[in-house]
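A.B. asks: Here it is: the structure, laid out below.
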Amino acid sequence: MTSGFRFTFSNLEEQYTAAIEAGYHFITCEQYALNKEQLHTFTVVNRVDIDFSCKKAGRLLELFEGLGLKATFFVRLHAPEYNPFSFENYRILKAIRDCGHEIGYHSEIVDQAAIWKEDAAECLIRDLATLNGMLDIQVKGVASHGGMTGLNNLDFWENQTAKEFGLLYEAYDKSPSFNLFQESFYVSDSEWTRWKCYDKGELREGDSRSFAEHLEDKHPLIYLLIHP
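Listed below in structure tokens is the structure:
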């Protein structure tokens, strides 16, 4: 099953509008972690991984504000593609915060540990403190970034829990208190030129329908991941 979806902001806005019209309620990852037993009948957990562009994340912020939606934005601290401390990017991140969206950490701690010969846990603690201090927030969640190093940043969490670091969740956390990926219908644009989806943790091979095209199946819980 394929889709002819074109990845533009206007098309993406149509996707979100279709979900609103279908009766879906949008929440952040933190809201899910705190209220997973009391969700709306049709819920979308709205996640944004800022892999390459804070400027385009600012475009998404405008889109969400226009539609009255909230999201969780995961920020990288060591990306060669953008500097979160630059004048413009810092302004955008503050605007995301001030509009009531959640900001989380897009973690690359396994990569950091290998490249810098440092302890991954210490890298995580330092990065969380940096992001918290930078934006005067308390980060509640981490999403592990998949980069080009060949290492898997999720491996860190095989023997660690989010709670040990004062967090509510890791984005693919399998603990009963979160377990979102395994309990939801997951839709992502992370194939770059097409969508992919997982049903309760199982890949739907060949199904590259867009987010809105899945709405007709009326999944009660959708985990939506997009990249600006």
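Taking my numbering as reference, the numbering of the sequence shown is continuous, increasing by one, and the terminal residue is 409.
Just so it is clear, CB atoms sit at the ideal spot from N, CA and C, and this is done for glycine as well.
Tell me the start and end of each unbroken beta strand (DSSP E) in the region 292 to 358 that is at least 3 residues and wholly inside, in chain order.
C.D. replies: Entirely contained in the region 292 to 358, the beta strand (DSSP E) runs reaching 3 residues are, in chain order, 322 to 325.
A.B. asks: Under the assumption that I407 contacts V225 (Cβ atoms under 8 Å), give the Cβ distance between them as a whole number of angstroms.
C.D. replies: With 8 Å as the limit, I407 and V225 do not qualify as a contact, their Cβ atoms being about 11 Å apart.
A.B. asks: Flag this pair as touching only if the region 344 to 353 and the region 385 to 396 have three or more C-beta atom pairs under 8 Å; answer yes or no.
C.D. replies: Because the criterion of three Cβ pairs below 8 Å is not met, the region 344 to 353 and the region 385 to 396 do not touch.
A.B. asks: Could you spell out the range, first to last residue, of the beta strand (DSSP E) harbouring N227?
C.D. replies: Here the beta strand (DSSP E) through N227 covers 224 to 231.
A.B. asks: Where does G331 land, buried or exposed, given buried means 16+ other C-beta within 10 angstroms?
C.D. replies: Under this definition G331 is an exposed residue.
A.B. asks: Roughly how many angstroms lie between the CA atoms of R390 and K377, to the nearest whole one?
C.D. replies: Their backbone Cα atoms lie some 7 Å apart in a straight line.
A.B. asks: Are the region 301 to 309 and the region 282 to 293 in contact at 8 Å, needing three or more beta carbon pairs?
C.D. replies: Counting Cβ pairs under 8 Å, three or more are found: they touch.
A.B. asks: For L258, collect the residues of the same chain with a Cβ closer than 7 Å to its Cβ; drop the 5 residues on either side in sequence, then sort them by chain order.
C.D. replies: Within the same chain, L258 has close Cβ partners P265, D308, T311, L312.
A.B. asks: According to the Cβ coordinates, are I208 and F254 closer than 8 Å?
C.D. replies: For I208 and F254, no; Cβs fall outside 8 Å.
A.B. asks: Kindly list the residues whose CB is nearer than 7 Å to the CB of A294, restricted to its own chain and excluding five residues on each side of it in sequence; keep chain order.
C.D. replies: Answer for A294: D300, A301, C304, listed in chain order.
A.B. asks: Return the bridge partner residues of G285 from the DSSP annotation.
C.D. replies: In the DSSP output, where bridge partners are listed per residue, G285 has F255.
A.B. asks: Under 8 Å between the Cβ atoms of R228 and A352?
C.D. replies: Yes, the Cβ-Cβ distance between R228 and A352 is below 8 Å.
A.B. asks: If we ignore side chains and look at the alpha-carbon of each, how far apart do Y350 and G322 end up?
C.D. replies: The straight-line gap from Cα to Cα measures roughly 5 Å.
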